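Heads up, the sequence shown is in this note's numbering, so the first residue is 1 and it goes up one at a time. Ideal Cβ positions, reconstructed from N, Cα and C, are used throughout, including at glycine. These numbers were taken from a predicted model, which means no experiment stands behind them.
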Amino acid sequence: MRIDVAFTPAEVKGAVGRRAVVVIDVLRATSSMVEALVNGARSILPAAGVDEAVRKADELGRDSVLLCGERDAEPIRGFHLGNSPAAFTSAVVADRTLIMTTTNGTNAVLAGSAGSACLIGSLLNARAVAQRITELDDDVLLLCAGREGRFALEDALCAGRIARYVREFGSTATGNDALTATLRLSRTAPTGQTLARTAAGRRLDEIGRRDDIAYCAQENRHDAVPFLDEHRIRL
Ligand code: MLT
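Below, the structure written as structure tokens:
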């Protein structure tokens, strides 16, 4: 097994290859996706932009879906939900189809859809993702969403945690220098304080959503591993 890490989708543009892809956007898209599906959301349709999200909602029937996501970390006007994982409670999302568009995360999922499998990874389900990777026994790309096209420390830390768990499960997987770097970065689980010092964390603090940071830092809160099936993310 080979595990490579990409810090942004641009690094592997059009070259995801026939590998299992794990999409990582810790603050907050993949964390929210995990939380929503664990809480009973039927599926999540990732949309590249707001117009596409609204178009999908019209096609499916506005009353039957929940529009969610953010732009510059703030909820999108007219959408039902923003991108705070704690807001995706079972009372709100159970049995509902979500249409999600975010600044970085949903586009990373769309980039990862070219892989032989496309899994949704976060700190919330890091060990479960590592277990699934081990079972697949395929080459893997840990695809970080990054932030505005650049390296995002929180995503790299999460990639390192997933890779560490794969190693703990007995794999001797090797990979690129980015894998080596993320393994070095993630000897211990990142804390909320660590995430708060990232660019994404500072932005969330700036808009009064510091609670989201601590929520997204909860390693192994869930055992579920959502995956992209056709055009829908589900369990
Ligand atoms: C992202 O797409 O990077 C995140 O959704 C940003 C956020 O939630 O603020």
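Tell me which residue opens and which closes the alpha helix (DSSP H) that residue i is part of.
i      : result
Ser32  : 29-38
Ile162 : 153-168
Gly175 : Note, Gly175: premise wrong, no alpha helix (DSSP H); not H, not E.
So, with DSSP's three-state summary, where would you put residue i?
i      : result
Glu230 : coil
Pro190 : coil
Thr134 : helix
Arg55  : helix
Ala181 : helix
Thr106 : helix
Arg12  : For the sequence presented, residue 12 should be read as Val rather than Arg. Looking at Val12 - three-state DSSP - the assignment turns out to be helix.
Val140 : strand
Val225 : coil
Asp25  : coil
Arg77  : coil
Arg127 : helix
Ala87  : helix
Ala20  : strand
Gly69  : strand
Leu195 : helix
Leu98  : strand
Ser113 : coil
Leu235 : coil
Short check: CB of residue i to CB of residue j, under 7 Å?
i      : j      : result
Met33  : Ile120 : yes
Leu143 : Gly160 : no
Pro9   : Ala73  : no
Leu228 : Cys118 : yes
Ala173 : Met1   : yes
Ala224 : Val38  : yes
Leu179 : Ile3   : yes
Ala241 : Glu219 : Only positions 1 to 235 of the chain appear in this structure, which leaves residue 241 out of reach.
Val93  : Ala36  : yes
Thr101 : Ala47  : yes
Cys216 : Leu27  : yes
Val22  : Val129 : yes
Leu124 : His222 : yes
Gly236 : Phe7   : Outside the displayed span of the chain (1 to 235) sits residue 236, for which this structure offers no information.
Ser113 : Thr30  : no
Are there any heavy atoms of the ligand FMN lying less than 6 Å away from the beta-carbon of residue i, as far as the coordinates show?
i      : result
Asp229 : Ligands displayed in this structure: the ligand MLT; the ligand FMN is not among them.
The beta strand (DSSP E) with residue i in it runs from where to where?
i      : result
Asp212 : No beta strand (DSSP E) contains Asp212, which is instead part of the alpha helix (DSSP H) from 210-216.
Asp4   : 3-6
Ser43  : 43-46
Ala199 : It is not in any beta strand (DSSP E) - Ala199 instead sits in the alpha helix (DSSP H) that spans 199-206.
Arg147 : Run containing Arg147: none; DSSP gives neither H nor E here.
Gly121 : 117-121
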